[in-house]
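One structure below.
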Amino acid sequence: IIAVLILAAGVIAVTQLRQELIPSIEFPQTIVLAFNNGSEPDEMLDEVTVPMEEAVSQIEGVVNVETTTSNGVAYMIARNEFGLDQDTIREEIQVALENIDFPEGMDTPKLLTFSFADLPIASLSVSSNNLTLPELKALVESDINPVLEAIEGIAAVEVSGGQELPTMAPPTEEPTPEPTPEPAATFTATPTEEPTATLEPTSTPTETPTGAVIVVALPDSWIQAGAAQGMKLETSEDLTPDVINGVIA
Numbered sequence: 001i002i003a004v005l006i007l008a009a010g011v012i013a014v015t016q017l018r019q020e021l022i023p024s025i026e027f028p029q030t031i032v033l034a035f036n037n038g039s040e041p042d043e044m045l046d047e048v049t050v051p052m053e054e055a056v057s058q059i060e061g062v063v064n065v066e067t068t069t070s071n072g073v074a075y076m077i078a079r080n081e082f083g084l085d086q087d088t089i090r091e092e093i094q095v096a097l098e099n100i101d102f103p104e105g106m107d108t109p110k111l112l113t114f115s116f117a118d119l120p121i122a123s124l125s126v127s128s129n130n131l132t133l134p135e136l137k138a139l140v141e142s143d144i145n146p147v148l149e150a151i152e153g154i155a156a157v158e159v160s161g162g163q164e165l166p167t168m169a170p171p172t173e174e175p176t177p178e179p180t181p182e183p184a185a186t187f188t189a190t191p192t193e194e195p196t197a198t199l200e201p202t203s204t205p206t207e208t209p210t211g212a213v214i215v216v217a218l219p220d221s222w223i224q225a226g227a228a229q230g231m232k233l234e235t236s237e238d239l240t241p242d243v244i245n246g247v248i249a
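Here full-length UniProt numbering is used: the sequence shown runs in plain steps of one and ends on residue 249.
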C-alpha cells in the first residue's frame with residue numbers, strides 16, 4: 001500500500017511540475033547606462049561615473065560595483081547578494097541616481113537587468129524577390145510585428161536588418177533660363193604692314209696673312225763646303241733652288 005501511495009504521489013508531482021526550456025533565472029546584478037554627449041572621458045569620470053559609484057555602493061545589499069568610462073558614456077554593473085528582491089534593489093538604485101547632481105542637460109541613467117527570460121525564443125528571417133530591403137523592412141514593421149505582439153506571452157518583438165526608406169523631397173521645377181542676346185558682330189580693320197627691304201649680307205674677302213721671312217745664318221760647315229765649290233753661302237737667303245740643285249749634282 002505504501003508503495004502504491006508513493007507511486008501515485010510521484011505521478012501527480014510529475015504532471016503538475018512546471019517545465020521550461022529556458023527557465024527564468026535572474027542574476028543578482030543591475031546594469032546602469034549613463035549618456036552625456038560631447039563629454040570627454042575625464043569629465044565623464046569626474047561628473048558622472050564617480051558620483052554613481054559613491055551613491056550605489058552605499059545601498060544595503062550591494063557587494064560590488066564595476067564601472068567603465070568612455071567618450072560620453074558611463075557603464076556600471078552593480079552586483080548584490082543572492083536571495084534579495086531584484087525589484088527592490090533596482091528601486092533603491094533608481095532613487096540613489098535621481099539624487100545625484102548630474103551635468104546640466106544630461107538624462108537620468110537607465111537601469112537594465114539580465115535574465116534568461118529576456119533571451120529571444122525565436123528568430124525569423126524574411127526575404128522577397130520583388131521587394132527591396134527598405135520596402136521589406138517597412139512591410140514587416142507595419143504588417144507582421146503587430147500580429148506577433150498580439151500573441152499572449154510575447155513580451156517584445158524587435159526588427160533588425162534592412163535599410164531605412166529615404167524621405168524623398170518633392171521635385172521642384174527648375175526655372176527656364178531666359179535666352180541672352182548675342183552681342184552684335186563688330187568688324188575692325190587690321191592694318192597691313194608694309195614690306196621692308198632687307199639687305200642681303202655681302203661677304204668681305206679676308207686677306208690671308210703672309211708669313212714673315214726669317215733670315216738665319218748657316219753653319220760654318222755649310223759655308224766652308226760652299227766655298228770649296230766656288231759658291232758663297234752665308235745665310236738662308238743664299239739657299240736658292242739653283243744652289244741646292246748644284247750641291248746635289
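Quick reminder that beta carbons are idealized off the backbone N, C-alpha and C, glycines included.
Quick caveat, the model's predicted, so the values are computed rather than measured.
In angstroms with no decimal places, state the Cα-to-Cα distance between residue 152 and residue 136.
The count along the sequence shown starts at 1 and reaches residue 152 at position 152. The count along the sequence shown starts at 1 and reaches residue 136 at position 136. Going by the C-alpha atoms only, they are around 26 Å apart.
On a CA-only basis, which of 44, 37, 79, 46 is nearest residue 111? Give me that one, please.
Residue 111 sits at position 111 when you count from the first residue of the sequence shown. Nearest option by C-alpha distance: 79.
For residue 36 and residue 103, which I take to be in contact (beta-carbon distance under 8 Å), what is that distance rounded to the nearest angstrom?
Residue numbering aside, residue 36 sits at position 36 when the sequence shown is read from its first letter. Residue numbering aside, residue 103 sits at position 103 when the sequence shown is read from its first letter. The Cβ separation is near 6 Å, so the contact holds.
Assign residue 32 to one of two classes, buried (16 or more other C-beta atoms within 10 Å of its C-beta) or exposed (fewer than that).
Within the sequence shown, residue 32 is the residue found at index 32, counting from 1. With 16 or more other Cβ atoms within 10 Å, it is buried.
Going by DSSP in three states, residue 44 sits in which element: helix, strand or coil?
Translated into positions along the sequence shown, residue 44 becomes position 44. Reduced to three states, the DSSP call for residue 44 is helix.
If contact is defined by three or more beta carbon pairs under 8 Å, each pair taking one atom from either stretch, is the segment 44–57 in contact with the segment 90–100?
yes
Same chain, Cβ closer than 6 Å to residue 66, neighbours up to 5 away in sequence not counted
Residue 66 sits at position 66 when you count from the first residue of the sequence shown. Excluding positions up to five away in sequence, the list reads 77.
Of the residues 16, 63, 55, 70, which one's Cα is nearest the Cα of residue 40?
As a position in the sequence shown, residue 40 is number 40, starting the count at 1. Of the candidates 16, 63, 55, 70, the one whose C-alpha sits nearest the C-alpha of residue 40 is 70.
DSSP three-state label for residue 106, please.
The sequence position of residue 106 within the sequence shown is 106, counting from 1. In this structure, residue 106 counts as coil in the three-state DSSP scheme.
Pull up the DSSP beta-bridge partners for residue 35, would you.
As a working note, residue 35 is residue 35 in the sequence shown. Answer is 73.
Just to confirm my understanding: we take residue 149, look at its own chain, exclude 5 residues before and 5 after, and list those with CB closer than 8 Å. What are they?
The residue labelled residue 149 in the question sits at position 149 within the sequence shown. So the list reads 156, 157, once near-sequence residues are dropped.
In whole angstroms, give me the CA-to-CA distance for residue 91 and residue 42.
Along the sequence shown, one-based indexing puts residue 91 at 91. Along the sequence shown, one-based indexing puts residue 42 at 42. One C-alpha to the other measures close to 29 Å.
Can the beta-carbon of residue 93 be found closer than 8 Å to that of residue 132?
Against the sequence shown, residue 93 aligns to sequence position 93. Against the sequence shown, residue 132 aligns to sequence position 132. Going by C-beta atoms, residue 93 is not nearer than 8 Å to residue 132.
CB residue 56 to CB residue 96, shorter than 8 Å?
As a position in the sequence shown, residue 56 is number 56, starting the count at 1. As a position in the sequence shown, residue 96 is number 96, starting the count at 1. Cβ atoms of residue 56 and residue 96: closer than 8 Å.
Candidates 12, 7, 84, 44: closest to residue 27 by CA position
For the purposes of this step, residue 27 is taken as the residue at position 27 of the sequence shown. The option with the nearest alpha carbon to residue 27 is 84.
Could you check what DSSP says for residue 139 in three-state terms: helix, strand or coil?
As a working note, residue 139 is residue 139 in the sequence shown. Residue 139 falls in the helix class under three-state DSSP.
Here's a check: name, in chain order, each residue in its chain whose Cβ is nearer than 6 Å to the Cβ of residue 129, leaving out the five neighbours to either side.
Position 129 of the sequence shown, counted from the start, is the residue given in the question as residue 129. Excluding sequence neighbours, residue 129 sits near nothing in its chain.
With DSSP as the reference, label residue 65 as helix, strand or coil.
The residue labelled residue 65 in the question sits at position 65 within the sequence shown. It is a strand residue.
Hey, out of 143, 154, 82, 44, whose CA is closest to residue 109's CA?
The count along the sequence shown starts at 1 and reaches residue 109 at position 109. Checked all of 143, 154, 82, 44; the closest Cα to residue 109 is 44.
Which word fits residue 63, buried or exposed, when buried means at least 16 other C-beta atoms lie within 10 angstroms of its C-beta?
Taking the sequence shown and counting its residues from 1, one reaches residue 63 at position 63. Its Cβ having fewer than 16 others within 10 Å, residue 63 is exposed.
Name the DSSP bridge partner or partners of residue 78?
In the sequence shown, the residue the question calls residue 78 occupies position 78. Looking at the DSSP assignment, residue 78 forms a beta bridge with 30, 65.
Within the continuous alpha helix (DSSP H) that includes residue 149, where are the two ends?
Residue 149 sits at position 149 when you count from the first residue of the sequence shown. Where residue 149 is concerned, the enclosing alpha helix (DSSP H) stretches over 145–149.
Residue 113, enclosing alpha helix (DSSP H) - first and last residue
To locate residue 113, count along the sequence shown from 1; it is residue 113. Neither: residue 113 is in no alpha helix (DSSP H) and is coded neither H nor E.
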